[in-house]
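First the structure, in the form of C-alpha cells, and then the observations on it.
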Amino acid sequence: MQSIAVLIPVGQEVLFISERTSALDTQTRQLQDMYDTRQQKYLCEACTKKFKTIGGLQRHLRKEHDWVFMEEVTNSSSKKDHIALYRASFMKCSLLLWDTNDDAYKMGDGERIIRNSKFQMLLSCIGNHETVRNTGKPSFQTLSLTSIPLNDSHTTYRGVFLAPPDTQFRFKGEMIDVTKGENNVVEAILSNNDKNVNYRYGRWLTLTSESKQETLKLYINDNYNFRTQTFVENSCEFGIEKIQKDTRTEYKATVRNCAESENISKYFIVHLLEQSGDRITQITSRKISSQENGRISENKYVNTFYRSDEDDIYYAILDYPAIEADGLIIQSFSFVLYASARYDYTGDAISEIKAWYYDL
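So for the sequence shown, the working numbering puts the first residue at 289; every next one is plus one.
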C-alpha cells in the first residue's frame with residue numbers, strides 16, 4: 289500500500305501550516321494502523337517484518353523502503369514550526385477581535401468593547417513574551433566541600449558537585465583529579481599551593497557549562513583544619529522571562545525558595561564596552577522604593593532594578609538599538625546569585641564566596 293501523505297516531495301520548500309499539520313496527523317495514523325493487536329507488534333505493510341516500537345518501524349521504512357517522513361524534509365526546526373503556528377493563531381485571534389470590536393461599536397455594546405479590548409491587551413503581551421529560563425534550581429549544585437590539611441603550606445580540597453556533562457573546571461592552584469560519575473555527579477580534587485595561597489584571585493574555582501549558559505565560582509580559603517561545608521543556596525530556584533517593548537527589551541527574573549539572609553544577593557549585571565575594548569560601565573540592579581518609577585534611568589542603554597515592595601523579582605531593561613547605534617559592545621549580561629559566608633578570607637568557611645551566573 290503506497291501512501292502519498294507520508295511521501296513528501298523533497299524539493300517542496302513551502303508547506304502551509306494547515307497542510308503540514310494535516311499531513312503529520314495522517315502520517316502518525318498510518319504508522320499506528322500498522323500495529324497488530326494480536327501479535328502486539330508493528331508489521332511493515334511492504335515486507336511484513338515485525339517491530340516492537342513505532343520508532344523501529346520508522347527506521348526500517350526509511351532505510352529499506354525509501355520512505356521520507358515529514359520531519360526530514362522541512363528546512364525549519366520543530367521549534368520554528370511551533371512559532372509559526374503560534375503567530376498564525378495569534379493573527380487569527382487579533383483579526384477576529386478587530387471584527388467583533390467593530391461590530392460592538394456599531395451596536396453600542398460597551399461591555400463587549402471593554403472585554404474585547406482587555407483581551408487584545410493580553411494577546412499583545414503574550415505575543416511579545418518569551419521564557420528565557422524555566423523556573424528551577426541551578427544546574428550546578430555544590431553537594432559538599434571538604435578541606436584536608438597536608439602540611440603548613442598545602443591543603444587539599446575535595447568538592448562534590450552536580451554538574452552538566454560539558455562542565456569545564458578552572459583553578460589557579462593544582463587540579464589533581466576530576467571524576468565524572470552517574471547522574472551528573474562530579475568529584476574534583478584540588479590543592480592550594482604556595483603560588484596561589486597568597487594571591488586572592490588565584491583561589492577561584494570556576495565551573496562553566498556552555499550548554500546551560502551557567503557559571504559557578506567558588507573562592508577557596510587558605511584553610512588548614514579538617515572541616516566540611518554545606519551550601520544552603522542550593523535550594524534557590526530561578527526563572528527568567530523576556531518581554532519586547534518597542535525598542536527596549538525587558539528581562540524579569542523571579543527567585544523562589546532562596547534562604548532569607550543578608551549574605552545572599554540576587555541581581556542583574558551588565559558590562560558595556562567601547563569597540564576599542566575599554567570598559568565604560570558596570571551596571572547592577574539597584575533597589576528602588578514602591579513610589580519610584582523603575583523605568584526612569586540615568587543610563588540610556590541599561591536600566592536594572594528591584595522594588596522594595598516586591599519579593600525576589602528583578603528587572604533589567606536594555607535598549608539594544610541604542611547600544612548598537614552608539615558602537616557599544618555588551619561584554620557580559622548575567623543574572624547572579626552571590627552568597628557570602630561572612631568570614632574573613634582566612635576564617636572558618638572553606639568557600640568564602642559562591643557566585644552563580646546565568647549568561648543572557
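Backbone N, C-alpha and C define an ideal beta-carbon position, used for all residues, glycine too.
For GLU333, three-class secondary structure by DSSP: In this structure, GLU333 counts as coil in the three-state DSSP scheme.
Contact under 8 Å by Cβ, LEU495 with VAL473: Not closer than 8 Å, so no.
Distance between SER497 and ALA661 (C-alpha atoms, nearest Å): No answer is possible for residue 661: the residues shown for the chain start at 289 and end at 648.
Bounding residues of the beta strand (DSSP E) (the contiguous stretch that carries TYR626): Membership of TYR626 in the beta strand (DSSP E) is indicated by the continuous run 616-628.
Nearest-angstrom beta carbon gap, GLU521 and LYS642 [assumed within contact, 8 Å]: At roughly 6 Å, the Cβ-Cβ gap stays under 8 Å, so LYS642 and GLU521 are in contact.
Beta carbon of LEU560 nearer than 8 Å to that of LEU648: Taking 8 Å as the Cβ cut-off, LEU560 and LEU648 do not qualify as a contacting pair.
Beta carbon of ILE531 nearer than 8 Å to that of TYR445: Using a Cβ distance threshold of 8 Å, ILE531 and TYR445 do not count as a contacting pair.
Segment limits, beta strand (DSSP E) that includes TYR507: Residues 502-508.
Burial state of GLY343 (16 or more Cβ within 10 Å): Exposed: under 16 other Cβ atoms inside 10 Å.
Straight-line Cα distance separating LYS500 from LYS468: Taking the straight line from one Cα to the other gives about 17 Å.
Residues near ASP600 by beta carbon distance below 6 Å, same chain, minus five either side: Residues of the same chain with a CB within less than 6 Å of the CB of ASP600, apart from the 5 flanking positions on each side, are VAL543 in chain order.
Status (buried if at least 16 other CB within 10 Å, exposed otherwise) for SER620: Exposed.
Through-space distance from TRP355 to LYS338, alpha-carbon basis: Approximately 17 Å, taken between the alpha carbons.
Neighbour-count burial assignment, TYR539, 16 or more Cβ in a 10 Å radius: The Cβ neighbour count for TYR539, taken over all protein chains shown within 10 Å, is at least 16; the residue is labelled buried.
Nearest residue (CA-CA) to SER427, options VAL558, VAL420, THR455 and THR419: Selected option, being the one with the closest Cα: THR455.
As assigned by DSSP and simplified to three states, the class of THR432: The residue you asked about is not Thr; residue 432 is Ser in the sequence shown. Looking at SER432 - three-state DSSP - the assignment turns out to be strand.
Opening and closing residue of the beta strand (DSSP E) in which ARG458 lies: Where ARG458 is concerned, the enclosing beta strand (DSSP E) stretches over 456-459.
Residues of its chain near ARG421, where Cβ-Cβ distance is below 7 Å and the 5 sequence neighbours each way are ignored: Excluding positions up to five away in sequence, the list reads PHE526, GLY527, ILE528 and TYR646.
Local conformation of VAL361 per DSSP, three classes: Below a pLDDT of 50, predicted positions are generally treated as unreliable, and VAL361, at 43, falls in that range; the measurement from the model is reported next regardless. In the displayed model, VAL361 falls within coil according to three-state DSSP, outside both helix and strand.
Collapsed DSSP secondary structure at ALA613 in the structure displayed: In the structure shown, the three-state DSSP call for ALA613 is helix.
ASN416 in three-state terms, based on DSSP: The answer is coil: DSSP assigns ASN416 none of H, G, I, E or B.
Straight-line gap, LYS554 to ARG347 (C-alpha atoms, nearest Å): Using only the alpha carbons, I get a separation of about 49 Å.
Contacts around GLN429, its chain only, beta-carbon distance under 6 Å, and the 5 residues preceding and following it disregarded: Spatial neighbours of GLN429 in its own chain (CB-CB distance under 6 Å, excluding positions within 5 residues in sequence) are listed in chain order as LEU450 and ASN522.
Length of the line joining the Cα atoms of ILE605 and THR537: Going by the C-alpha atoms only, they are around 6 Å apart.
DSSP-derived helix/strand/coil call for ASP321: Here DSSP, grouped into helix, strand and coil, assigns ASP321 to helix.
Between the CA atoms of PHE556 and TYR603 - distance to the nearest angstrom: When rounded, the distance between both Cα atoms is 8 Å.
Residue environment, ASN587, which counts as buried when at least 16 other CB atoms sit within 10 Å: Counting of Cβ neighbours within 10 angstroms places ASN587 among the exposed residues, the total staying below 16.
Where the alpha helix (DSSP H) containing GLN346 begins and where it ends: Per DSSP, the unbroken alpha helix (DSSP H) holding GLN346 starts and ends at 342-352.
Presumed contact (8 Å Cβ cut-off) between THR592 and VAL558, rounded CB distance: In this structure THR592 is in contact with VAL558, their Cβ atoms being roughly 7 Å apart against a cut-off of 8 Å.
Alpha-carbon to alpha-carbon, TRP492 and LEU506: Near 6 Å, if we compare the C-alpha coordinates of TRP492 and LEU506.
Buried or exposed by the 16-neighbour rule on C-beta atoms within 10 Å, applied to THR503: Answer is buried; the Cβ neighbour count reaches 16.
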